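**Q**
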Amino acid sequence: MRRIAVMTSGGDASGMNAAVRAIVRTGIYHGIEIIGFRKGYEGIIDNEHLVLNARSVSGIIDRGGTILETARSERFMTEEGQKKAFSVLRKHKIDGLIVIGGDGSFRGARVIDRMGISTVGVPATIDNDIAGTDYSIGFDTAINTVIDALSKIRDTATSHERVFCVEVMGRLSGEIALYAGLAGGADYILIPEIEYEMEHVLGEICEQISRDFEVGKKHFILVIAEGAGTAQGMASAITNRTHREVRISILGHLQRGGSPTALDRILASRFGAEAVEALMRGERDSLVGIQGKEIVLTSFEYTFTHEHEINKKLVELARVLSI
20 MRRIAVMTSG GDASGMNAAV RAIVRTGIYH GIEIIGFRKG YEGIIDNEHL VLNARSVSGI
80 IDRGGTILET ARSERFMTEE GQKKAFSVLR KHKIDGLIVI GGDGSFRGAR VIDRMGISTV
140 GVPATIDNDI AGTDYSIGFD TAINTVIDAL SKIRDTATSH ERVFCVEVMG RLSGEIALYA
200 GLAGGADYIL IPEIEYEMEH VLGEICEQIS RDFEVGKKHF ILVIAEGAGT AQGMASAITN
260 RTHREVRISI LGHLQRGGSP TALDRILASR FGAEAVEALM RGERDSLVGI QGKEIVLTSF
320 EYTFTHEHEI NKKLVELARV LSI
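In structure tokens, the structure reads:
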């Protein structure tokens, strides 16, 4: 293993830079040259590359986003684009490719692996929805961002005795809503993994709002993952039922940015180092992850055929603590 390429792909996540840093420094430690490709698979097709060294990654561990930039590539979805990307990697005599990203990025990595270049994935997505790892890079930073926002929203909600519907990212995954809602003291949480009947849930929420304000509580905060509905729709329904003013806050891309937390920096450093060492051992067609306290490798096949399961005990805990 003489030369490894690294790229970031899909949606950005805080901690990607820490992973790139770990990959570069681990590679240098073992005498391996690291080539970075900009803008994901799109950059490979266009041969946008640079040699990464210790100076290239100095001072980036605390930076959000990714110095390699990221993009989604329609061209790589075609056979022609895949062949072009592979030929560029071969031209640079790449022995192994490390892909930092999510599910879609790893499906692209498997294509390259099957064409003949060993690939290893590093999970980085704020949705935390990758099977084979308990946590993905960027998730902890995202939930801490949401927790901070909830704290500020509670201040203004209490001052005006208001109900707030806060919408967070998670089209298919409710991890951000669940963890941030639980840690941020939300009064009700809606996630896509738990199916619900609108009339029943609306009745529960409105009953709880009435009960809370009757006993002197001065705020009510509903956290909803985008895949479980919209803040606007839920706010309108609550207003129609209770005749109480409901404000909405859609946090959006705020959740992707910011300096990574200590946990994300350490996780990214461990993932990045292990990705290099896995390629050195001859591993391929797999992703690095964490299960419990241990760093593990999981095949792409397992990741693509299984779902990252929501922690049902946390779901129940959130319900218990919301009284």
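Mapping of the sequence shown onto our numbering: residues 20 to 342, in sequence order.
Every residue, glycine too, gets a C-beta built ideally from N, C-alpha and C.
The structure displayed is predicted, hence computed values, not measured ones.
Could you please give the first and the last residue of the uninterrupted alpha helix (DSSP H) stretch that includes Met299?
**A** First-last of the alpha helix (DSSP H) with Met299: 281–299.
**Q** Roughly how many angstroms lie between the CA atoms of Gln274 and Gly140, to the nearest whole one?
**A** Gln274 and Gly140: Cα-Cα distance of roughly 23 Å.
**Q** Identify which residue in Thr27, Glu52, Asn36, Ser28 has its Cα closest to the Cα of Val295.
**A** Of Thr27, Glu52, Asn36, Ser28, the residue nearest in Cα terms is Glu52.
**Q** Can you determine whether any heavy atom of the ligand GDP sits closer than 7 Å to the C-beta of Gly46, and answer yes or no?
**A** With respect to the ligand GDP, the structure shown offers nothing to examine, as it has no ligands at all.
**Q** Would you call the region 287–302 and the region 40–54 touching, i.e. three or more CB-CB distances under 8 Å?
**A** The answer is yes - the region 40–54 touches the region 287–302, with three or more Cβ pairs under 8 Å.
**Q** For the alpha helix (DSSP H) holding Phe95, just list the boundary residues, first then last.
**A** No alpha helix (DSSP H) holds Phe95; DSSP gives it neither H nor E.
**Q** Would you call the CB atoms of Gly55 and Phe95 closer than 8 Å?
**A** Against a cut-off of 8 Å, the Cβ pair of Phe95 and Gly55 comes out as no contact.
**Q** Quick one: what's Pro142 bridged to in DSSP?
**A** According to DSSP, which records beta bridges pairwise, Pro142 is partnered with Gly120.
**Q** Between the Cα of Gly203 and the Cα atoms of Asp132, Ala161, Phe290, which residue gives the shortest distance?
**A** Considering only alpha carbons, the answer is Ala161.
**Q** Can you tell me where the beta strand (DSSP E) with Arg25 in it begins and where it stops?
**A** Position check: residue 25 holds Val in this sequence, whereas Arg was assumed. Run containing Val25: 22–27, per the beta strand (DSSP E) assignment.
**Q** Is the beta carbon of Ala143 less than 8 Å from the beta carbon of Ile172?
**A** No, they are not a contact pair.
**Q** Is Gly308 helix, strand or coil by DSSP?
**A** In this structure, Gly308 counts as strand in the three-state DSSP scheme.
**Q** Would you report the Cα separation of Thr324 and Ile156, rounded to the nearest angstrom?
**A** One C-alpha to the other measures close to 21 Å.
**Q** Val130 to Phe290, Cα distance in whole Å?
**A** C-alpha separation (whole angstroms): 22 Å.
**Q** In terms of residue numbering, what span does the beta strand (DSSP E) encompassing Ala37 cover?
**A** Element bounds for Ala37: not the beta strand (DSSP E) but the alpha helix (DSSP H), 35–48.
**Q** Tell me the DSSP bridge mates of Val185?
**A** Val185 pairs with Val242, Ser268.
**Q** If I follow the unbroken beta strand (DSSP E) through Ser318, where does it start and stop?
**A** Where Ser318 is concerned, the enclosing beta strand (DSSP E) stretches over 313–318.
**Q** Cα separation between His327 and Gly235?
**A** Each residue's alpha carbon lies about 40 Å from the other.
**Q** Would you check if the distance between the CB atom of Thr89 and the CB atom of Gly59 is smaller than 8 Å?
**A** Result yes, Cβ atoms of Thr89 and Gly59 sit closer than 8 Å.
**Q** Could you tell me whether the region 61–73 touches the region 300–316, using the rule of 3 or more Cβ pairs below 8 Å?
**A** As far as the Cβ criterion goes, the region 61–73 does not touch the region 300–316, which means the pair count is below three.
**Q** Which residue marks the beginning of the beta strand (DSSP E) containing Leu209, and which one marks its end?
**A** Looking at the DSSP string, the run of the beta strand (DSSP E) that includes Leu209 is 207–209.
**Q** Ordered along the chain, which non-local residues of its own chain (more than five positions away) have a Cβ less than 8 Å from that of Ser170?
**A** Gly203.
**Q** Taking contact to mean at least 3 C-beta pairs separated by less than 8 Å, is the region 70–80 in contact with the region 100–113?
**A** In short, these stretches do not touch, since the Cβ pair count stays below three.
**Q** Might you give, ordered along the chain, the residues of its own chain that have their beta carbon closer than 7 Å to the beta carbon of Asn66, omitting 5 neighbours on each side?
**A** Val107.
**Q** In angstroms, rounded to a whole number, what distance separates the CA positions of Arg22 and Leu116?
**A** If I take the Cα positions, the gap works out to 9 Å.
**Q** Using the Cα positions of Arg133 and Ser178, report the straight-line distance between them to the nearest angstrom.
**A** Approximately 59 Å, taken between the alpha carbons.
**Q** Which runs of the beta strand (DSSP E) at least 3 residues long sit entirely within the region 46–89? Give them in chain order.
**A** Whole beta strand (DSSP E) segments, 3+ residues: 52–56, 68–71.
**Q** Candidates Val334, Arg109, Ala38, Gly30: which alpha carbon is nearest Gly200's?
**A** The shortest C-alpha separation from Gly200 is found at Val334.
**Q** Nearest-angstrom Cα distance between Asp114 and Ser305?
**A** Their backbone Cα atoms lie some 15 Å apart in a straight line.
**Q** Any idea if Val339 is buried or exposed, counting beta-carbon neighbours within 10 angstroms, 16 or more meaning buried?
**A** With fewer than 16 other Cβ atoms within 10 Å, it is exposed.
**Q** Buried or exposed: where does Tyr154 fall if 16 or more other Cβ atoms within 10 Å of its Cβ makes it buried?
**A** Buried: at least 16 other Cβ atoms inside 10 Å.
**Q** Just verifying my parser: in three-state terms, what is the DSSP assignment at Gly30?
**A** Reduced to three states, the DSSP call for Gly30 is coil.
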